[in-house]
Amino acid sequence: MPRCTADAAIGHPCEVTDGSGIRILRSHSGTRVAELRWEWAREADPGVGPWRADGAFIAAVTAWLDDDRRTVWTAGAGDLAVGMVCLTEHARMPSPRRAAGGRWGYLGHLYVRPAFRGSGLGRDLIRRATGTADDRGYAKTVLSPTERSVGLYERCGFDMDNDLMIRRR
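Letter 57 of the sequence shown, counting from 1, is numbered 57 in UniProt numbering, and no numbers are missing.
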């Protein structure tokens, strides 16, 4: 597994001897989140090309981050961002059948750079988000897993519930 150093270039492999060098912090950095989102997109489409600190893209991600309902954590060592997760709060419409003000969380945008997968970092990011959801008193936390990630989420306490319908444009 790679080892992270503060001077490692973003997008280049680095060495990690154990998870103790990785810190998970709430992120307000559009640049840090943008670079991870870029690398995630690049995995799906190599035509995206290497990270180039595109100002317009960073501005768009920074604007996206500027939402009180959204909490994003990034994991990294020094200046190297290696993972992220997002928790978005949703409020239920009040109902005469249950207490008003019920809230729930949507966990999304879990991404860990390939060199760090299998290290427990994804699990730690999920636990950070679900711990916050519990602290906030959310009635539930939901997500839309990929087929590959189902086992990870099950190990973190999630169950499959197949009642979701999607309308795509």
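Glycine is no exception: its CB is placed at the ideal position from the N, C-alpha and C atoms. The structure displayed is predicted, hence computed values, not measured ones.
Residue of the options minimising C-alpha distance to residue i
i           : options           : result
residue 149 : 66, 117, 81       : 117
residue 147 : 48, 160, 156, 136 : 160
residue 76  : 69, 151, 111      : 111
residue 82  : 125, 141, 135     : 125
Coil, strand or helix - residue i by DSSP
i           : result
residue 119 : coil
residue 95  : strand
residue 148 : helix
residue 103 : strand
residue 80  : strand
For residue i, the residue or residues it bridges with in DSSP
i           : result
residue 65  : Its beta-bridge partners do not exist; DSSP assigns none.
residue 26  : 73
residue 108 : 86
residue 142 : 106
Any non-hydrogen atom of the ligand COA within 7 Å of residue i CB
i          : result
residue 50 : In the structure on display, the ligand COA does not appear, and there are no ligands present to speak of.
Counting Cβ pairs, one atom from each stretch, are 3 or more of them under 8 Å apart for the region 49-63 and the region 75-90?
no
Below 8 Å, how does it come out for the region 22-31 and the region 67-87: are there three or more Cβ pairs, yes or no?
yes
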